[in-house]
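In our numbering, the protein residues as written are 210 to 296. Note that beta-carbon positions come from the ideal geometry of N, C-alpha and C, so glycine has one too. In what follows, a single structure is set out as structure tokens and then discussed.
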């Protein structure tokens with residue numbers, strides 16, 4: 210399954226972006242069955258979206274426990290199933 214994790218938070222510069230990406234690589238490597246595919250930015254908003262591939266929603270929640278959103282940031286996620294997962 211694919212999970213899009215939305216985070217309302219502005220990353221101010223490339224140094225913080227690199228730090229975030231390193232942190233995400235570290236935390237996703239701690240949970241078997243989850244991987245970060247990419248990060249996207251919502252045009253005109255202080256928001257980014259993590260594109261994650263996960264074995265299950267449970268794996269996502271395990272990862273979220275070790276990698277919560279930045280302090281004060283709101284987050285939510287969407288789950289996308291492929292046809293085999295759906296049917």
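Using 8 Å for Cβ pairs, my map puts residue i next to residue j. What's the rounded Cβ distance?
i: residue 225; j: residue 275; result: Not a contact, Cβ separation roughly 20 Å.
i: residue 220; j: residue 229; result: 6 Å
Identify whether residue i lies in helix, strand or coil by the three-state DSSP scheme.
i: residue 180; result: A question about residue 180 goes unanswered here, because the residues of the chain that appear run from 210 up to 296.
i: residue 247; result: strand
i: residue 217; result: strand
On the DSSP letters alone, give me the boundaries of the beta strand (DSSP E) that residue i sits inside.
i: residue 168; result: Nothing about residue 168 can be read from this structure; the chain reaches only from 210 to 296.
i: residue 258; result: 256-263
Nearest by alpha-carbon distance to residue i: which of the options is it?
i: residue 242; options: 253, 255, 261, 257; result: 261
i: residue 287; options: 293, 270, 252, 279; result: 270
i: residue 250; options: 233, 235, 218; result: 218
i: residue 255; options: 237, 295, 222, 236; result: 222
Going by DSSP, what residue range makes up the alpha helix (DSSP H) through residue i?
i: residue 274; result: 266-275
i: residue 295; result: 292-295
Closer than 6 Å to a non-hydrogen atom of the ligand NAP - does that hold for the CB of residue i?
i: residue 289; result: This structure does not include the ligand NAP; it has no bound ligands of any sort.
> Would you call the segment 254-268 and the segment 210-221 in contact, with 3 or more CB pairs under 8 Å?
Replying inline: yes
> Contact between the segment 262-273 and the segment 243-250: three or more CB pairs below 8 Å?
Replying inline: yes
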